[in-house]
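Shown next, in structure tokens, is the structure this report addresses.
In this note's numbering, the protein residues as written are 124 to 424.
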């Protein structure tokens, strides 16, 4: 069982979860071949807890699945699940077909709604080692936190520095971005009568909206990786985190892990963003590339 320890002065909480100590870590170097067996790959279902949801064919806890949800063996909270994105150990989210991403977001929605009356449902993903992933097989996680816990998460930021949009969603770099090239995907849920948000949570998303979200999420991550390759800010391999805000007026926040956090940030709780969100949005939109193309043409004259 996990233990919640409050700090009365700061109103922050710490979760004491000793069971996390035993989780597997593929990033550790080892000579033992058995340590490299991926429990998330098809054929290894016996190595995980019994599944609670699957999309695809086959019998429960057998191969044939496309997306699989299992309780976490090493939970942070009392309710903690793993969403395995795909059977392949080598496919990242942005490499999957849009139709497959739709299945993943539908799994998120189903499990969110399963727990929404039991606590605050946070869905998050750690992409690669620097972002906190202990297993390389692409996956997300879902945790449920008591309603009385005051989560240190941002409410939806106002629209600014818009990158792109489609029928249901807007992608933008908020003025309050705490990380270089941080980017948010938010629903177009403004009530045109009074200008207020409609108060929906992620579990209220429709199939049509999931299709739009899958498409724009894939495009955004691909743009992020393109920026990383063209303008690396450190020696950190490409990695990122994302989470879905658990309360009303939800959004999906993607945090590129292009830099290290150091003593100043840890000591003060302040964030130092070395890339202006205005410039970040312009780069996402490809403004600089378009300018370079124009200048290249002008040089020919």
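For glycine and all other residues, C-beta sits at the position ideal for the given N, C-alpha and C.
Item, Value
"Among 333, 346, 364, 191, the one whose alpha carbon lies nearest that of residue 166", "191"
"Residues that DSSP places opposite residue 287 in a beta bridge", "294"
"Helix, strand or coil at residue 371 according to DSSP, with G and I counted as helix", "coil"
"Cβ-based neighbour list, residue 366, same chain, cut-off 7 Å, excluding 5 preceding and 5 following", "245, 246, 247, 376"
"Of the residues 296, 291, 141, the one placed nearest residue 285, counting alpha carbons only", "296"
"Among 241, 265, 231, the one whose alpha carbon lies nearest that of residue 197", "265"
"Proximity of residue 220 and residue 189 at Cβ, strictly below 8 Å", "no"
"Beta bridge counterpart(s) of residue 309 as assigned by DSSP", "293"
"Residue nearest to residue 342 in terms of C-alpha spacing, selected from 283, 224, 179", "224"
"Buried or exposed by the 16-neighbour rule on C-beta atoms within 10 Å, applied to residue 205", "buried"
"Residue 162 (DSSP reduced to helix, strand or coil)", "coil"
"Same chain only: Cβ atoms within 6 Å of residue 256, ignoring 5 sequence neighbours per side", "249"
"Whole-angstrom C-beta distance between residue 383 and residue 357, which should lie under 8 Å", "6 Å"
"Three-state class that DSSP yields for residue 204 in the structure shown", "strand"
"Beta-carbon spacing of residue 396, residue 307 below 8 Å", "no"
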